[in-house]
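A short write-up of the structure that comes next.
Protein chains: 2
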Amino acid sequence: MTNSSNGKVIDIASVKLACSSCSLHQLCLPMGIGLDDVERLDAIIKRRRPLARGSYVFHLGDTFRSLYAIRSGSVKTYTITEDGSEQITGFHLPGELIGLDAINSNQHPCGAKALETTSICEIPFERMEELAAAVPALGRQMLRIMSRELNSDGELLTLLGKKSADERLAALLISLSMRFQERGFSPREFHLSMSRNDIGNYLGLAIETVSRLFSRFQQQGLICVQSKYIHLKELHQLRELAGFSGPDDIPQARA
Amino acid sequence: MTNSSNGKVIDIASVKLACSSCSLHQLCLPMGIGLDDVERLDAIIKRRRPLARGSYVFHLGDTFRSLYAIRSGSVKTYTITEDGSEQITGFHLPGELIGLDAINSNQHPCGAKALETTSICEIPFERMEELAAAVPALGRQMLRIMSRELNSDGELLTLLGKKSADERLAALLISLSMRFQERGFSPREFHLSMSRNDIGNYLGLAIETVSRLFSRFQQQGLICVQSKYIHLKELHQLRELAGFSGPDDIPQARA
DNA sequence: CGGTCCCTTGATATTCATCAATATCAGTGG
DNA sequence: CCACTGATATTGATGAATATCAAGGGACCG
Chain A
20 MTNSSNGKVI
30 DIASVKLACS
40 SCSLHQLCLP
50 MGIGLDDVER
60 LDAIIKRRRP
70 LARGSYVFHL
80 GDTFRSLYAI
90 RSGSVKTYTI
100 TEDGSEQITG
110 FHLPGELIGL
120 DAINSNQHPC
130 GAKALETTSI
140 CEIPFERMEE
150 LAAAVPALGR
160 QMLRIMSREL
170 NSDGELLTLL
180 GKKSADERLA
190 ALLISLSMRF
200 QERGFSPREF
210 HLSMSRNDIG
220 NYLGLAIETV
230 SRLFSRFQQQ
240 GLICVQSKYI
250 HLKELHQLRE
260 LAGFSGPDDI
270 PQARA
Chain B
20 MTNSSNGKVI
30 DIASVKLACS
40 SCSLHQLCLP
50 MGIGLDDVER
60 LDAIIKRRRP
70 LARGSYVFHL
80 GDTFRSLYAI
90 RSGSVKTYTI
100 TEDGSEQITG
110 FHLPGELIGL
120 DAINSNQHPC
130 GAKALETTSI
140 CEIPFERMEE
150 LAAAVPALGR
160 QMLRIMSREL
170 NSDGELLTLL
180 GKKSADERLA
190 ALLISLSMRF
200 QERGFSPREF
210 HLSMSRNDIG
220 NYLGLAIETV
230 SRLFSRFQQQ
240 GLICVQSKYI
250 HLKELHQLRE
260 LAGFSGPDDI
270 PQARA
């Protein structure tokens, strides 16, 4: 609400925030919905202040009220196992919708934490359901998004069930790469917002193993890492290692 | 369509087959939907002859047309990795809906194969979507079912990412146990319709490891196995091993 | 400048996969 | 009814991949 004293500035800001002008609308909820309906969707969405790194979008066990779309930044979702340790279930980039797994139980079965400064759109679920009843395309898009999520879960299962440590890391890098590309960023060079610890946790590997793999990949000339920044020098080889034989392989990937 | 010459017999048969009288309707699509609406749902569902063990509900890559609900028997879903090996993504029992992951891409990203003689209901998706537009509760139930599926995927990820071999097998046994119980069968004694190979594949373990674990569990007095039949003698200990500390732990489990 | 956190690297231990041999079972045909 | 075949399961011996333990190095922050 800075600049709230000047109507014009607000307008510009709200245009920038509207779904219809959001660069992510092709990936997000508005996809495939008519313009007027996007406006109706827009009307129920609440924007939030940017979240600082380390703060929570929602906590594990919170009552379910809203879905959240990521506008910028990144988020990890995780559960806590009985023994108290964390299991990361996903890294989420702009345009992705989180909280879908809470619909069933009315309570978030996982928590969501910002990996860096992150801004999100909150979508109150009840109001969205009402709207979906009136706008069938919205309901359809919801189903499609959830279906896509099931797809990527399936891939992740294969990853954890069948693949070796280096294949897993390569798969994560390629998944991030493809997703950055979809969002208009370089697929070869990006910033790893998650810690090595998070990566290991997510991939089912010890942190030391992850570290060693980064070193080895670098030695082999596949990548170039400098703490959080990474450059994928041999995208093709990594892709092969990861088991993504070609771009036509699998429509969606998630990490 | 046997007995099609006699109206009365058909009536009895159709009553037995109708959603409204199906013992699974609490678990399946009709849950939470008014009686008249269940009838409308019923009207679009096609029943199929029982499938023989080893035959397919749908193949990997098939064009997506319908969802399938399992009436009796059991089904495994699987994907094929680039190197040609199979990865089982789930074992499915009566009342469960399969094919949801095909909504996004209009093509089945996994195959589904009957583990034993199995009968299913086919639900043409387009007609169901039309109906859902008229019956909001149906759309809501769809979302809930998909959300539940996301939940169980999350648990499975933890299983594969964090747990040791014996914890994994225990978790599978407990998951099956709980699901049999929900369906009115004994939670302590049941038939494993899947092969050891399938179990290992699903749990990310070698078949030999699975075999050894069955032996060890038996030696420890936790279970009693005779080829496909299993008796869980120490449900509580298994539960603990699996990491299901209590019945209030996690609302839904899947294997 | 010192402290803390995160990461890296090396040495050792453990778990589980792999290889190989044998056993069991279901079905088939003699 | 029994021997034969192929598929599936068990068990043992070995090895490889990765976790764990331990120590040191760098980067960021006050």
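First to last, the sequence lines map onto chains A and B.
The first sequence: position 30 = 49 (the working numbering), numbered continuously.
The second sequence: position 132 = 151 (the working numbering), numbered continuously.
All C-beta atoms in this analysis are idealised placements derived from N, C-alpha and C, irrespective of residue type, glycine included.
| Check | Outcome |
| --- | --- |
| Comparing the CB of Ala62/A with every heavy atom of the ligand GDP, is any distance shorter than 6 angstroms? | Annotation note on the ligand GDP: not contained in the displayed structure, which lists no ligands. |
| List, in chain order, every chain A residue whose beta-carbon is nearer than 8 angstroms to that of Ser104/B. | Lys181 |
| Under the assumption that Leu277/A contacts Val94/A (Cβ atoms under 8 angstroms), give the Cβ distance between them as a whole number of angstroms. | Since the first and last residues shown for chain A are 20 and 274, residue 277/A lies out of range. |
| Which of the three DSSP states is assigned to Cys47/B in this structure? | coil |
| Sort out for me which residues DSSP pairs Lys65/A with in a bridge. | Glu141/A |
| With a threshold of 7 angstroms between beta carbons, is Ala190/A in contact with chain B? | no |
| In whole angstroms, what is the alpha-carbon distance linking His44/A and Lys65/A? | 16 angstroms |
| Quick one: using the 10 Å Cβ neighbour count with 16 as the cut-off for buried, is Ser104/B buried or exposed? | exposed |
| By Cβ distance below 8 angstroms, which residues in the same chain neighbour Phe204/A in space, the five residues on each side in sequence not counted? | none |
| Which chain A residues sit within Cβ distance under 7 angstroms of Gly173/B? | Thr98, Thr108, Asp120, Pro128, Cys129 |
| Go through its chain and collect everything with a Cβ distance to Gly158/A's Cβ below 7 angstroms, but skip five positions before and after it. | Ala151 |
| How would you label Arg90/B, buried or exposed, when you count the other beta carbons within 10 angstroms and need 16 or more for buried? | buried |
| I'd like to know if Leu260/B contacts chain A, where contact means its C-beta is closer than 7 angstroms to some C-beta of that chain. | no |
| Using a Cβ cut-off of 8 angstroms, which residues of the region 218-243 of chain B contact any Cβ in chain A, in chain order? | Asn220, Tyr221, Leu222, Gly223 |
| Any C-beta of chain A within less than 7 angstroms: which residues of the region 38-60 of chain B qualify? | none |
| In whole angstroms, what separates the C-alpha of Ala189/A from that of Phe199/A? | 15 angstroms |
| Measuring only between beta-carbons, confirm whether Ser24/A sits less than 7 angstroms from chain B. | Only weak support exists for where Ser24/A lies, its pLDDT of 44 falling under 50; the coordinates are left without a value. |
| Is the beta carbon of Leu211/B sitting closer than 7 angstroms to the one on Lys247/B? | yes |
| Could you check which residue in Thr100/B, Leu260/B, Pro206/B has the C-alpha nearest to that of Phe263/A? | Thr100/B |
| Let me make sure I understand the geometry here. Which of Asn216/B, Thr177/B, Glu145/B has the alpha-carbon closest to that of Leu162/A? | Glu145/B |
| Quick one: residues in its chain with C-beta nearer than 6 angstroms to the C-beta of Glu174/B, no 5 flanking neighbours on either side, listed in chain order? | none |
| Is the Cβ of Ala214/B closer than 7 angstroms to any Cβ of chain A? | It should be noted that the sequence gives Ser, not Ala, for residue 214/B. Not closer than 7 angstroms to any Cβ of chain A, the Cβ of Ser214/B fails to qualify, so no. |
| What residue range does the beta strand (DSSP E) around Gly130/A cover? | 130-133 |
| For Leu36/B, which option in His250/B, Glu141/B, Ser230/B has the closest C-alpha, if you only look at C-alpha atoms? | Glu141/B |
| To test your reading of the DSSP string, which unbroken alpha helix (DSSP H) runs of 4 or more residues are found completely within the region 52-124 of chain B? | 54-63 |
| Let me know if Cys38/B comes out buried or exposed under the rule of 16 or more other beta-carbons within 10 Å of its beta-carbon. | buried |
| Grab the span of the alpha helix (DSSP H) containing Val229/A for me, first residue to last. | 226-238 |
| Looking only at C-alpha atoms, which of Leu112/A, Gly92/A, Leu191/A sits nearest to Arg72/A? | Gly92/A |
| Tell me where the beta strand (DSSP E) around Gln245/B begins and ends. | 242-245 |
| Does the beta-carbon of Gly240/A have 16 or more other beta-carbons within 10 angstroms, so that it is buried, or is it exposed? | exposed |
| Evaluate Gly118/B with the Cβ neighbour count: other Cβ atoms within 10 Å of its Cβ, from every protein chain shown; 16 or more gives buried, anything less gives exposed. | buried |
| Following the continuous beta strand (DSSP E) through Phe209/A, name the residue where it begins and the one where it ends. | 208-210 |
| Which chain A residues sit within Cβ distance under 8 angstroms of Leu176/B? | Gln106, Thr108, Asp172, Leu175, Leu176, Leu179 |
| I want to verify the contact list: residues of chain B whose CB lies under 7 angstroms from the CB of Leu211/A, in sequence order. | The contacting residues do not exist; Leu211/A stays about 19 angstroms from chain B at best. |
| So, is the C-beta of Met147/A closer than 7 angstroms to a C-beta in chain B? | no |
| Do Arg167/A and Asn125/B have their C-beta atoms closer together than 7 angstroms? | no |
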